[in-house]
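What follows is a set of notes on a single structure, which appears directly below.
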Amino acid sequence: MVLLHVLFEHAVGYALLALKEVEEISLLLPQVEECVLNLGKFHNVVRLVAFCPFSSSQVALENANAVSEGVVHEDLRLLLETYLPSKKKKVLLGVGDPKIGAAIQEELGYNCQTGGVIAEILRGVRLHFHNLVKGLTDLSACKAQLGLGHSYSRAKVKFNVNRVDNMIIQSISLLDQLDKDINTFSMRVREWYGYHFPELVKIVNDNATYCRLAQFIGNRRELNEEKLEKLEELTMDGAKAKAILDASRSSMGMDISAIDLINIESFSSRVVSLSEYRQSLHTYLRSKMSQVAPSLSALIGEAVGARLIAHAGSLTNLAKYPASTVQILGAEKALFRALKTRGNTPKYGLIFHSTFIGRAAAKNKGRISRYLANKCSIASRIDCFSEVPTSVFGEKLREQVEERLSFYETGEIPRKNLDVMKEAMVQAEEAAAEITRKLEKQEKKRLKKEKKRLAALALASSENSSTPEECEETHEKPKKREKLKPQETPQDNGMEDPPVSLPKSKKKKAFPKEELVSDPEEIATSSVSPPKRKKSLPKEEMASEPEEAASPSVPKKKRKFSFKEEPEAAVSCTKSSTKKKKKSQKASQED
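Residues 161 to 751 in our numbering are what the sequence shown lists, from first letter to last.
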């Protein structure tokens, strides 16, 4: 009898399950679907044989990559060899992916099956997997799947941080859109402000300058000699500023209200801000092109090079293109139209905007465009695959194009490509060494700053940790002083009593009869100080004790009692002594 096992790959590990006999004909019945969806009925069909969890997320990613590539991982090999029967002919293993099934059959020799019954069983296992494995919850399984999905996708995408050609693509697209918008808005300002000051259009041709002047002048009747200096700053021409002032005095334009002028000024200020942002964006594009594609930008310019990269999709795609494709890049519509009508194909596409083709004669435009496309493809490959990109090769390639132009015009023979590339290699090595030295210096400076910052943080943390201890000490010192204050109170006669030792136990002490004092003066002393066992004193000292008890320092000693039981004990002693005294007096009277 052939035993049917199913291999299930999950984000937390591999699971090997054993199945009872299942008929493929009954798969379409609704009772079978209910059996797959019901956990109790599904347990009767499927039994978990073994579960091999992944030790870490990195191991899970390695196993996922191996399964997707159709490779048997060591963890999977160990699981199958351990828990499947040794007689391979009696084992049928069901898998979900045909690639991994073929690899298992080739390396381990087990017969594998996919589709049909296996697909339905895997659907049920996927649904009840967290119930089949002990200690696995639905939430933890979802988190494991999410983490593995992120890491697997990140490894597949392989985003290259060093090539930021996406920023170049977005920048050149935004730059082209800004050019269109600024032109449209400037024409709107010219038409709108032309009702009030029509002569200004003939004097100033630049759109950005016209918008600045419209914002500054406002009402033409308020323009006077005091504003002439500001006009010269805006137009950068004294003659134009004088012409604007003269035209404002004899203008044929209509009068305009204040609210209309406010709207015109606000709109012209928006156009001016857009033009300023366009300049800053162009500076940003130049810096990005010098970092990503320095050779291409040195050869053909930043704008044309960025358009080539944007049209190709990336610098890598542009480097893969042949020179013939780079030549007609951007003229696809004309190319397909020429192929359809069997006419002449276009000679150039986006590279037409470079200065070389415009400088060439009409009969040499096709030649120079082919030569320029060849050099552009070389420059893009150098930029794409060089470790330290430099502009040396781009400058040398530009010199070659200049020599070819002069050859077409004057017949002067240009230098050989081999000689030019040897010079470029020497200069490129020097430039790369200089760049690496600068980078090392910057890295050293960064490390020094980082060390200083860490040292400052450590010092601040040590100070913060020491301040609480100091605060605790300062809080503890006043408490000690407060405790010492009542003990240091001097008596009225200038003498200090010895410190009274208080008993530690709170229990009432039983005093013997011998220590009870019969004199009333001793009763007062016993109410102040706790009773102590004393040695037998001579009569002279006993006589001096009542005098000390009558001293005015008695009420001060009452403060030193810290327990309530001691005064109560003293009071009880005084009561018992007074009763005994009364009894003795009655007995003496009867006698």
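Just so it is clear, CB atoms sit at the ideal spot from N, CA and C, and this is done for glycine as well.
The stretch 487-497 touching the stretch 565-572, judged by at least three CB pairs closer than 8 Å: Cβ pair count under 8 Å is below three, so no.
Taking DSSP's pairing of strands, which residues face Ala175 in a bridge? Partner(s): Phe168 and Phe211.
Does the structure place the stretch 297-316 close enough to the stretch 401-413 that three or more beta carbon pairs sit under 8 Å? No: fewer than three Cβ pairs fall under 8 Å.
Let me know if Lys692 comes out buried or exposed under the rule of 16 or more other beta-carbons within 10 Å of its beta-carbon. Only weak support exists for where Lys692 lies, its pLDDT of 47 falling under 50; the value from the coordinates is given anyway. Lys692 is classed as exposed because its beta carbon has fewer than 16 other beta carbons within 10 Å across all chains shown.
CB contact flag (Glu223, Phe214, <9 Å): In the sequence as presented, Glu is not what sits at residue 223; that position holds Asn. A contact, by the Cβ cut-off of 9 Å.
For Val452, report the span of its alpha helix (DSSP H) as first-last. Run containing Val452: Ala418 to Val452, per the alpha helix (DSSP H) assignment.
Cutting at 7 Å between CB atoms, please list the residues of its own chain near Val172, excluding the five before and the five after it. Excluding sequence neighbours, Val172 sits near Pro213, Phe214, Leu296, Ala301 and Ala304.
Round the Cβ separation of His356 and Ile416 to the nearest angstrom and send it over; I've been treating them as touching at under 8 Å. Contact between His356 and Ile416 is confirmed by a C-beta separation of about 4 Å, below the 8 Å threshold.
Determine contact between the stretch 422-431 and the stretch 385-405, defined as no fewer than three beta-carbon pairs at a distance below 8 Å. No: fewer than three Cβ pairs fall under 8 Å.
Once the 5 residues before and after Ser529 are set aside, which same chain residues still bring their CB inside 7 Å of it? Hits under 7 Å: Gln487, Lys507, Tyr508, Ile511 and Ile517.
Threshold first: 3 residues or longer. Then list the beta strand (DSSP E) segments lying entirely within the stretch 258-341, N to C. Scanning the stretch 258-341 for uninterrupted beta strand (DSSP E) segments of 3 residues or longer gives 271-273, listed from N- to C-terminal end.
Beta-carbon gap between Leu164 and Leu240 smaller than 9 Å: Not in contact: Leu164 and Leu240 (Cβ atoms no closer than 9 Å).
Taking Gly554 as part of the beta strand (DSSP E), name the residues at either end of that continuous run. No beta strand (DSSP E) holds Gly554; the alpha helix (DSSP H) holding it covers Val552 to Thr570.
Cβ distance (whole Å) where Leu434 is taken to contact Asp341 below 8 Å: Taking C-beta atoms under 8 Å as the contact rule, Leu434 and Asp341 qualify, at a distance of about 7 Å.
Could you work out which residue in Asn326, Ile278, Phe202 and Phe168 is closest to Ala466 when comparing CA atoms only? Checking every option, the nearest Cα to that of Ala466 belongs to Asn326.
Which two residues bound the contiguous alpha helix (DSSP H) that contains Val548? Per DSSP, Val548 belongs to no alpha helix (DSSP H) and is neither H nor E.
Quick one: give me the first and last residue of the alpha helix (DSSP H) that Ala373 is part of. The question names Ala, yet the displayed sequence has Leu at residue 373. Unbroken alpha helix (DSSP H) run through Leu373: Asn367 to Ile377.
Are the stretch 548-558 and the stretch 446-454 touching, with three or more C-beta to C-beta distances below 8 Å? Judged by Cβ distances under 8 Å, the stretch 548-558 makes contact with the stretch 446-454, as three or more pairs qualify.
In angstroms, rounded to a whole number, what distance separates the CA positions of Arg438 and Tyr370? If you take the alpha carbons of Arg438 and Tyr370, they lie about 16 Å apart.
Express the C-alpha separation of Val324 and Pro245 in angstroms, rounding to a whole number. Straight-line measurement puts the Cα of Val324 at about 55 Å from the Cα of Pro245.
Coarse secondary structure for Gly254, derived from DSSP in three states: In the structure shown, the three-state DSSP call for Gly254 is strand.
Grouping DSSP H, G and I as helix and E and B as strand, with all else coil, what is Leu383? Here Leu383 sits in coil by DSSP.
At the level of alpha carbons, what is the spacing between Lys601 and Glu594? Distance between Lys601 and Glu594, taken at the CA atoms: about 11 Å.
Ordered along the chain, which non-local residues of its own chain (more than five positions away) have a Cβ less than 8 Å from that of Arg237? Within the same chain, Cβ atoms closer than 8 Å to the Cβ of Arg237 are found at Glu267 and Leu268, the five residues on either side in sequence being excluded.
For Phe545, I'd like the list of residues in its chain whose CB is within less than 8 Å of its CB, leaving aside the five on either flank, ordered along the chain. Cβ neighbours of Phe545 within its own chain (closer than 8 Å, five residues either side excluded): Ala479.
Assign Cys631 to one of two classes, buried (16 or more other C-beta atoms within 10 Å of its C-beta) or exposed (fewer than that). In this predicted model, Cys631 has a pLDDT of only 47, less than 50, meaning its place in the structure is not dependable; the value taken from the coordinates is given anyway. Exposure of Cys631 is indicated by the presence of fewer than 16 other C-beta atoms within 10 angstroms of its C-beta.
Quick one: what's Val206 bridged to in DSSP? DSSP, once it has assigned bridges, lists Leu179 as partnering Val206.
In the DSSP output, what is Leu199 paired with across the bridge? Looking at the DSSP output, Leu199 shares a beta bridge with no other residue.
Using a Cβ-Cβ cut-off of 7 Å (strictly less than) and excluding sequence neighbours within five positions of Leu176, which residues of its own chain qualify? Counting only Cβ-Cβ distances below 7 Å, and skipping sequence neighbours, we find His165, Leu167, Val209, Ala210, Leu239 and Tyr243.
Sort out for me which residues DSSP pairs Leu163 with in a bridge. Answer is Val251, bridged to Leu163.
Please say whether Glu169 and Gly256 have beta carbons closer to each other than 9 Å? In this structure, the beta-carbon distance from Gly256 to Glu169 falls below 9 Å.
Where the alpha helix (DSSP H) through Val361 begins and ends: Val361 -> alpha helix (DSSP H) spans Leu360 to Ile363.
Distance, Cα to Cα, Arg497 vs Arg606? Rounded to the nearest angstrom, the two C-alpha atoms are 57 Å apart.
Measuring straight from C-alpha to C-alpha, what distance separates Lys180 and Lys201? One C-alpha to the other measures close to 12 Å.
What residue does the alpha helix (DSSP H) around Phe516 start on, and which one ends it? Under the DSSP assignment, Phe516 falls in the alpha helix (DSSP H) whose first and last residues are Thr515 to Arg519.
Helix, strand or coil at His233 according to DSSP, with G and I counted as helix: The answer is coil: DSSP assigns His233 none of H, G, I, E or B.
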